[in-house]
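These notes are about the structure you will find just below.
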Amino acid sequence: MRIVNDFKYERPGTLKDALVILEKHQGGAVPLAGGTDLVVNMKHRSMLQLFPNAGTPDAKFEAAKFVQPALAPEVVVSLASLSELEGIKTGADFVWIGPTTTMARIAAADDLPAALGALRDAAGSMGSPLVRNRATIGGNLVNARPAADGAVALIALGGIVELASVDGTRKEAACDFITAPGCTTCSTAELITGLSVSVGPDQGSAYVRHGTRRQLEIALVGAAVWIQLEKASGTVKDARICLGAVGPRPMPADGAAKTLLSKKPDKEAIARCAEAAVKEATPIDDFRGSAGYRSELVDVLVRRALEKAVERAKGAS
Amino acid sequence: MKHILKLKVNGREYEKAVSPRRTLVEFLREDLELTGTKQGCGVGECGTCTVHLDGKPVNSCLMLALEAEGKEITTIEGLQDGAELHPVQKAFIEKGAVQCGFCSPGMILSSKALLEKNPHPSVTEIRSALAGNLCRCTGYQKIIEAVLAAAEDGEGADGGQRRKEKV
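As structure tokens, this is what we get:
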């Protein structure tokens, strides 16, 4: 399995240069971070891909109509020299994560506040140890798969995506960033330049997923819960829930989160919240699992994530 | 258009003209003729192409060779010290953790990375660290025994301290 198509390799030394290259090639240039998705998509995986018009109804050979042609960008823009896109900064009321920070680094960042527990859980459960040493959080988000662990967690945390192009910068809430499977609001001339999460006291979050194997598996269902407690009364001040792989994109379950507000997060409230999340989820049958099984998993995983998030919020000062 | 790639492989500096579409595993096997690293699935699922990139195990089939500019790569060929095999390699031979041998370079490199970070791993920690490396012969049992044995050897006098867990 090789990359058959030739392309130009650019490795800009500054963010500005990178944005100029992206702008110049309008859609013909793709940014390369960890490459764990991009390089796979650029490889030829089947002889069928070599038939003319492969992947379209015009392909001469019947089976070639249904294969995805290999991705063939004109230019690959390596982000490897842009050190300003990598790293974790912790402030008094925020955490900033560079988009090219690897999943392994986020999973190992034990100095992150409990509010970001879900992101660490997600980063540590994605792919294999080998993949996590290369895969980046920005890549996980921009690839926009419905089961993307990092994206599901980031949405539950209320993360903000910072983007830049030659025309300037903008910010977008993570929950609005992914629009459809594989689609985001990030244009071909834009780059993600940062991910920020605001943090406060008595917050905790957790991400729990289930697959048929523990690693190297796309989540059958994933659930991320973020919670803020009212210290004096022990009730829920604010909550956010996001579900993975039960809709066309990571799916915020706002109705379920609302059932928790001003309630003590006891067994009853947690069960009611999970029940509401099941109603909000829109799972489908596919080769990895049935819709019925996925609904069952939403119930179990939301409860587990919620219990863990409450525990972490209580432990947080 | 080819680019000049400068990197260190197994302690030796190399400078070669490389096409952008060359992956790191192709560069190692075909340009440097270091065929100890294998290419299996080519999509990051089997781990036979595992190499250390600045000390961390990665899938070399998922990396463009040019992305390794200025980096230090260790392949299976770089583990032995002269004629002396690395303790993990010895343990794999002693415990019979090798059958067809195709996964062994990757298994050994992932094990070495684990033992450097965690010299006394539990069975669960070993299984987790090797989750990205697939073996279709031995059924993993002997591989895990070999890593435990290497951990015991590595720590010398307090070898008996390793966690007693059912293998």
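Same order as they appear, the protein sequences are chains A and B. Mind the numbering: the first sequence is residues 221 to 537 in our numbering, read in order. Mind the numbering: the second sequence is residues 536 to 702 in our numbering, read in order. All C-beta atoms, glycine included, are put in the ideal place defined by N, C-alpha and C. Please read all numbers here as calculations on a predicted model, not as lab measurements.
**Request:** Go through its chain and collect everything with a Cβ distance to Ile539(B)'s Cβ below 7 Å, but skip five positions before and after it.
**Result:** On the second sequence, position 4 is the one that residue 539(B) refers to. Same-chain partners within the cutoff: Glu550, Ala552.
**Prompt:** Given Leu526(A), which residues of its chain have a CB within under 6 Å of its CB, disregarding the five upstream and five downstream residues?
**Reply:** As a position in the first sequence, residue 526(A) is number 306, starting the count at 1. The residues are Val445, Ile490.
**Message:** Measuring only the C-alpha atoms, how far is Thr389(A) from Ser416(A)?
**Reply:** To locate residue 389(A), count along the first sequence from 1; it is residue 169. To locate residue 416(A), count along the first sequence from 1; it is residue 196. Straight-line Cα distance between these residues: approximately 14 Å.
**Prompt:** CB-CB under 6 Å to Ala284(A), same chain, minus the five flanking residues each way: which ones, in chain order?
**Reply:** Within the first sequence, numbered from 1, the residue matching residue 284(A) stands at position 64. Leu268, Phe271, Ala274.
**Prompt:** From the beta carbon of His538(B), is the nearest beta carbon of chain A less than 8 Å away?
**Reply:** Counting from 1 along the second sequence, the entry for residue 538(B) is found at position 3. Contacts with chain A at 8 Å (Cβ-Cβ) include His538(B).
**Request:** With 7 Å as the C-beta to C-beta threshold (strictly closer), list the residues of the segment 500-530 of chain A near chain B in chain order.
**Result:** Taking 7 Å as the Cβ-Cβ cut-off against chain B, none of the residues of the segment 500-530 of chain A qualify.
**Prompt:** Is the number of C-beta pairs between the segment 430-440 of chain A and the segment 341-355 of chain A that are closer than 8 Å three or more?
**Reply:** Taking a cut-off of 8 Å on C-beta distances, the segment 430-440 of chain A touches the segment 341-355 of chain A, as three or more cross pairs fall below it.
**Prompt:** Can a CB atom of chain A be found closer than 8 Å to the CB of Gly674(B)?
**Reply:** The sequence position of residue 674(B) within the second sequence is 139, counting from 1. False, the Cβ-Cβ gap to chain A never drops below 8 Å.
**Item:** Inter-residue spacing [alpha-carbon to alpha-carbon] between Ala686(B) and Asn225(A)
**Value:** Translated into the one-based positions of the second sequence, residue 686(B) becomes position 151. Translated into the one-based positions of the first sequence, residue 225(A) becomes position 5. Straight-line spacing of the CA atoms in Ala686(B) and Asn225(A) works out to 45 Å.
**Item:** Status (buried if at least 16 other CB within 10 Å, exposed otherwise) for Glu304(A)
**Value:** In the first sequence, residue 304(A) corresponds to position 84, counting from 1. Result: exposed.
**Request:** Give a yes or no on whether the minimum CB-CB distance between Pro349(A) and chain B is below 8 Å.
**Result:** Sequence index remark: in the first sequence, residue 349(A) carries index 129 (1-based). Contacts with chain B at 8 Å (Cβ-Cβ) include Pro349(A).
**Request:** Run through the segment 320-394 of chain A for me and flag every whole beta strand (DSSP E) of 3 or more residues, listed as ranges in chain order.
**Result:** Runs of the beta strand (DSSP E) lying entirely within the segment 320-394 of chain A and spanning at least 3 residues, in chain order: 380-385, 388-393.
**Request:** Could you pull out every residue in the same chain whose Cβ sits closer than 6 Å to the Cβ of Val593(B), ignoring the five residues on either side in sequence?
**Result:** Numbered from 1 along the second sequence, position 58 holds the residue referred to as residue 593(B). Excluding the 5 residues flanking it on each side, Val593(B) has no same chain C-beta neighbour closer than 6 Å.
**Request:** Have a look at the DSSP bridge pairing and note the partners of Cys403(A).
**Result:** Indexing the first sequence from 1 puts residue 403(A) at position 183. DSSP output for Cys403(A) lists Ala400(A) as bridge partner(s).
**Chain-ordered chain A contacts of Val623(B) [CB-CB under 7 Å]** = For the purposes of this step, residue 623(B) is taken as residue 88 along the second sequence, with counting starting at 1. What Val623(B) touches in chain A: nothing, since even the nearest Cβ is about 16 Å away.
**Asked** Under 8 Å between C-beta atoms, does Asn545(B) make it to chain A?
**Response** Here residue 545(B) refers to the residue found at position 10 of the second sequence. Cβ-Cβ to chain A under 8 Å: no for Asn545(B).
**Message:** In the DSSP output, what is Cys462(A) paired with across the bridge?
**Reply:** The sequence position of residue 462(A) within the first sequence is 242, counting from 1. In the DSSP output, where bridge partners are listed per residue, Cys462(A) has Ala444(A), Pro472(A).
**Contact list for Lys228(A) against chain B, beta-carbon separation under 9 Å** = Translated into positions along the first sequence, residue 228(A) becomes position 8. Within 9 Å of the CB of Lys228(A), the CB atoms of chain B belong to Met536, Pro555, in sequence order along the chain.
**Message:** By the 7 Å beta-carbon criterion, what residues does the segment 617-644 of chain B contribute toward chain A?
**Reply:** Here the close residues number zero.
**Host alpha helix (DSSP H) of Glu580(B) (start-end)** = What you label residue 580(B) is simply residue 45 of the second sequence in a count that begins at 1. In the DSSP assignment, Glu580(B) falls outside any alpha helix (DSSP H) and carries neither an H nor an E.
**Request:** Take Val633(B) as the anchor and find which of Lys543(B), Ile678(B), Asp589(B) has the nearest alpha-carbon.
**Result:** Walking along the second sequence from the start, residue 633(B) turns up at place 98. The shortest Cα separation from Val633(B) among Lys543(B), Ile678(B), Asp589(B) belongs to Ile678(B).
**Asked** If you draw a straight line from the alpha carbon of Phe562(B) to that of Lys606(B), how long is it in whole angstroms?
**Response** Along the second sequence, read from residue 1 onward, the residue named residue 562(B) stands at position 27. Along the second sequence, read from residue 1 onward, the residue named residue 606(B) stands at position 71. Within the model, the alpha-carbon separation for Phe562(B) versus Lys606(B) is close to 14 Å.
**Prompt:** Just the Cα atoms here: how many angstroms apart are Glu531(A) and Val362(A)?
**Reply:** Here the question's residue 531(A) lines up with position 311 in the first sequence. Here the question's residue 362(A) lines up with position 142 in the first sequence. Roughly 31 Å separates the two Cα atoms.
**Minimum C-alpha distance to Gly631(B) - residue among Gly674(B), Glu660(B), Thr572(B)** = As a first step, residue 631(B) is located in the second sequence; it is residue number 96 there, counting from the start. For Gly631(B), the closest C-alpha among the options Gly674(B), Glu660(B), Thr572(B) is that of Gly674(B).
**Item:** 9 Å Cβ cut-off: residues of chain A touching Leu664(B)
**Value:** The sequence position of residue 664(B) within the second sequence is 129, counting from 1. With the sequence shown as reference, residue 664(B) is identified as Ala, and Leu is not the correct amino acid for it. The contacting residues are Pro349.
**Request:** Determine the chain A residues that contact Lys591(B) at a beta-carbon separation under 7 Å, and present them in chain order.
**Result:** For this step, residue 591(B) is matched to residue 56 along the second sequence. Ordered by position in chain A, the residues that pass the 7 Å Cβ test against Lys591(B) are Asn353.
**Request:** State the start and end residues of the unbroken alpha helix (DSSP H) segment that holds Asn261(A).
**Result:** The residue given as residue 261(A) occupies position 41 in the first sequence. Judged by DSSP secondary structure, Asn261(A) falls within the alpha helix (DSSP H) whose first and last residues are 258-262.
**Prompt:** Closer than 8 Å, CB to CB, is Leu569(B) near chain A or not?
**Reply:** Walking along the second sequence from the start, residue 569(B) turns up at place 34. The C-beta of Leu569(B) comes no closer than 8 Å to any C-beta of chain A.
**Asked** Which whole-angstrom value is the C-beta distance of Gln574(B) and Thr583(B), which I expect to be below 8 Å?
**Response** Walking along the second sequence from the start, residue 574(B) turns up at place 39. Walking along the second sequence from the start, residue 583(B) turns up at place 48. Thr583(B) and Gln574(B) do touch by the CB rule: their CB atoms are close to 7 Å apart, below 8 Å.
**Message:** Among the candidates Ser298(A), Asp341(A), Met221(A), whose CA atom is the shortest distance from the CA of Gly255(A)?
**Reply:** Counting from one through the first sequence, the residue named residue 255(A) turns up at place 35. Comparing alpha carbon positions, the residue from Ser298(A), Asp341(A), Met221(A) closest to Gly255(A) is Ser298(A).
**Item:** Stretch pair the segment 403-420 of chain A + the segment 304-316 of chain A: three plus CB contacts closer than 8 Å
**Value:** Taking one beta carbon from each stretch, the segment 403-420 of chain A and the segment 304-316 of chain A have 3 or more pairs nearer than 8 Å; the two touch.
**Request:** Report the partner residues of Tyr549(B) according to the DSSP bridge assignment.
**Result:** By one-based count along the second sequence, residue 549(B) stands at place 14. Answer by DSSP bridge pairing, in chain order: Leu542(B).
**Asked** Using CA coordinates, which residue listed in Glu230(A), Thr408(A), Val520(A) is at the minimum distance from Ser385(A)?
**Response** Position 165 of the first sequence holds residue 385(A). Closest option to Ser385(A), Cα to Cα, is Thr408(A).
**Request:** Output yes or no for whether 8 Å exceeds the beta carbon distance between Lys376(A) and Ile461(A).
**Result:** Here residue 376(A) refers to the residue found at position 156 when the first sequence is read from its first residue. Here residue 461(A) refers to the residue found at position 241 when the first sequence is read from its first residue. Looking at the sequence itself, residue 376(A) is Ala, so the reference to Lys does not match. With respect to the 8 Å criterion, Ala376(A) and Ile461(A) are classified as neighbours on the basis of their beta carbons.
**Request:** May I ask you to list the residues that DSSP assigns as paired with His430(A)?
**Result:** Translated into positions along the first sequence, residue 430(A) becomes position 210. Val441(A), per the DSSP bridge assignment.
**Message:** What does the alpha-carbon distance come out to for the pair Ala394(A) and Leu336(A)?
**Reply:** Position 174 of the first sequence, counted from the first residue, corresponds to residue 394(A). Position 116 of the first sequence, counted from the first residue, corresponds to residue 336(A). Linking Ala394(A) to Leu336(A) through their CA atoms gives a straight-line distance of about 15 Å.
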